[in-house]
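Asks: Mind looking over this structure? Questions follow.
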Amino acid sequence: MADWSAVPRTGRTDIIVRRRRARTAPASLAVAVLTAATATACAFPLRDLGPLPPRYSGPPLSADTVVSEMTSVLAAEGITVQREPSAVLGRCSERLSGRHAPQTVEAAVKAAVARARSEHGWQDGPDVAGEKLTLTKGNWTVLAGFAAEVPAGGQAPVIISLTCVDGEATPTAPTAPSAPALAPAPTST
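Just so you know, we're using the working numbering here: the sequence shown kicks off at 10 and counts up by one.
Laid out in structure tokens, this is it:
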């Protein structure tokens, strides 16, 4: 390829190059001004405010403590529940399930939630859709819902879900049935 200086210039080429430069220069200036304005305007909201505060206050509660409190307030209202072990390793969640008379199940669960607030210091949790009650305490959230339909002549199911906010609580390991002990095979001599 020939050197640039060796290429003969024409008047038309000079005009085209000048026009491009005339369009590029103001556009580059506008981009630079917008970048500077954006950086100046966003500098305040983007400043470092330090680490985020914890999502809960107080020491983390153990799963056994939370299950014990919820079981006792439900039992005080006549609802007997059983603890179902967490099926997910590495995530602290618990589930309490039981049955109650369908005519009074909603009132009993609401009374148990009120008792948890007054006796154990639970607070109202975030609003969720549907007829669900939520409570929070420390790093735990409790969700209690009501069954839409109850089988005729049956008891209404009561399910209380407990979930910890951060994995700092001591989750319970799922209880698996014990495996039969393996005896060594006899050796033939």
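Where is the CB? At the ideal position from N, CA and C, for every residue including glycine.
Work out the CA separation of residue 36 and residue 242 for me, nearest whole Å.
Replies: Past the edges of the chain, shown from 10 to 198, lies residue 242, and the structure says nothing about it.
Asks: Can you tell me where the beta strand (DSSP E) with residue 92 in it begins and where it stops?
Replies: Sequence index remark: in the sequence shown, residue 92 carries index 83 (1-based). Segment 89-93, the beta strand (DSSP E) holding residue 92.
Asks: Check whether the Cβ atoms of residue 171 and residue 42 sit closer than 8 angstroms, and answer yes or no.
Replies: Position 162 of the sequence shown, counting from 1, holds the residue named residue 171. Position 33 of the sequence shown, counting from 1, holds the residue named residue 42. Against a cut-off of 8 angstroms, the Cβ pair of residue 42 and residue 171 comes out as no contact.
Asks: Given this structure, state the Cα-to-Cα distance separating residue 162 from residue 72, to the nearest angstrom.
Replies: Counted from its first residue, the sequence shown places residue 162 at position 153. Counted from its first residue, the sequence shown places residue 72 at position 63. If you take the alpha carbons of residue 162 and residue 72, they lie about 34 angstroms apart.
Asks: Run the CB neighbour count on residue 77, radius 10 Å, all protein chains shown included, and call it buried at 16 or more, exposed below.
Replies: For the purposes of this step, residue 77 is taken as residue 68 along the sequence shown, with counting starting at 1. So residue 77 ends up on the exposed side.
Asks: Is DSSP giving residue 110 helix, strand or coil here?
Replies: Numbered from 1 along the sequence shown, position 101 holds the residue referred to as residue 110. Coil, per DSSP.
Asks: What's the C-alpha gap between residue 80 and residue 44?
Replies: What you label residue 80 is simply residue 71 of the sequence shown in a count that begins at 1. What you label residue 44 is simply residue 35 of the sequence shown in a count that begins at 1. Distance between the alpha carbons of residue 80 and residue 44: 59 angstroms.
Asks: Could you work out which residue in 56, 84, 101, 132 is closest to residue 114 when comparing CA atoms only?
Replies: Taking the sequence shown and counting its residues from 1, one reaches residue 114 at position 105. Looking at the Cα atoms, 84 is the closest of the given residues.
Asks: What residues in its chain sit with their C-beta under 6 angstroms from that of residue 168, if we drop five residues either side in the sequence?
Replies: Within the sequence shown, the letter at position 159 stands for residue 168. So the list reads 106, once near-sequence residues are dropped.
Asks: So what does residue 166 bridge to, in DSSP terms?
Replies: Within the sequence shown, residue 166 is the residue found at index 157, counting from 1. Paired residues: 108.
Asks: Can you tell me which residues form a DSSP beta bridge with residue 150?
Replies: In the sequence shown, counting from the first residue as 1, residue 150 sits at position 141. Partner(s): 145, 172.
Asks: Under a three-way DSSP split, which group does residue 66 fall into?
Replies: Indexing the sequence shown from 1 puts residue 66 at position 57. In this structure, residue 66 counts as coil in the three-state DSSP scheme.
Asks: If we ignore side chains and look at the alpha-carbon of each, how far apart do residue 123 and residue 174 end up?
Replies: Reading the sequence shown from its first residue, position 114 is the one you call residue 123. Reading the sequence shown from its first residue, position 165 is the one you call residue 174. Cα to Cα, the separation comes out at about 22 angstroms.
Asks: According to DSSP, is residue 102 helix, strand or coil?
Replies: On the sequence shown, position 93 is the one that residue 102 refers to. Residue 102: strand per DSSP, three-state reduction.
Asks: Rounded to whole angstroms, what's the CA-CA distance from residue 54 to residue 64? Just pull it up for me.
Replies: Within the sequence shown, numbered from 1, the residue matching residue 54 stands at position 45. Within the sequence shown, numbered from 1, the residue matching residue 64 stands at position 55. Distance between the alpha carbons of residue 54 and residue 64: 22 angstroms.
Asks: Can you give the Cα-Cα distance for residue 118 and residue 153, rounded to whole angstroms?
Replies: For the purposes of this step, residue 118 is identified with residue 109 of the sequence shown, where counting begins at 1. For the purposes of this step, residue 153 is identified with residue 144 of the sequence shown, where counting begins at 1. Each residue's Cα considered, the two are about 8 angstroms apart.
Asks: Identify whether residue 133 lies in helix, strand or coil by the three-state DSSP scheme.
Replies: Counting from 1 along the sequence shown, the entry for residue 133 is found at position 124. If DSSP states are grouped into helix, strand and coil, residue 133 belongs with the strands.
Asks: Please state whether the Cβ-Cβ distance between residue 104 and residue 166 is less than 8 angstroms.
Replies: The residue given as residue 104 occupies position 95 in the sequence shown. The residue given as residue 166 occupies position 157 in the sequence shown. Cβ distance not < 8 angstroms, so residue 104 and residue 166 don't count as in contact.
Asks: With a threshold of 16 other CB atoms inside 10 Å of the CB of residue 147, please say whether the residue is buried or exposed.
Replies: Residue mapping note: residue 147 aligns to position 138 of the sequence shown, counting from 1. Buried is the call here.
Asks: What does a CB cutoff of less than 8 angstroms around residue 86 pick up in its chain, not counting 5 residues either side in sequence?
Replies: Along the sequence shown, one-based indexing puts residue 86 at 77. Excluding residues within five positions, the ones whose Cβ falls inside 8 angstroms are 117, 118, 120, 121, 124.
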